[in-house]
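Notes for the one structure printed next.
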Amino acid sequence: MYDMAVPNDKPGVCAKCKGSGVYSWGASVNGKMQHSGPCHSCRGTGKQSRRQIMRNQTYNRHKLNELAGAWLAPRDTEERD
Ligand SMILES: [Zn+2]
2 MYDMAVPNDK PGVCAKCKGS GVYSWGASVN GKMQHSGPCH SCRGTGKQSR
52 RQIMRNQTYN RHKLNELAGA WLAPRDTEER D
């Protein structure tokens, strides 16, 4: 799984963490998410500024390029006899 940034359409409450400043992911175990941490899309502030949105878009572009490169690169097969 890849953690993409979630840029807002416009400055305001962070679209990724819904303003909580905390992003949770993974499976829910006993009602608690396995992983959580400060939301990187808003840097834990719960809000995205115009500048923050631009940063997220740049981050995603970079990330997508990285993924595209990984897919195109030859890799060893995981199959075993
Ligand atoms: Zn956020």
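Each step along the sequence shown adds one to the number in the working numbering, with nothing skipped, and position 76 is 77. Virtual Cβ for every residue (Gly too), placed ideally from N, Cα, C.
If you draw a straight line from the Cα of Gly32 to the Cα of Tyr24, it comes to about 15 angstroms.
Here Met34 carries a strand assignment [DSSP, helix/strand/coil]. No Cβ-Cβ contact shorter than 8 angstroms links Gln58 with Gly13. Annotation note: the region 9-72 contains the following uninterrupted beta strand (DSSP E) runs of length 3 or greater, listed N- to C-terminal: 23-30, 33-39.
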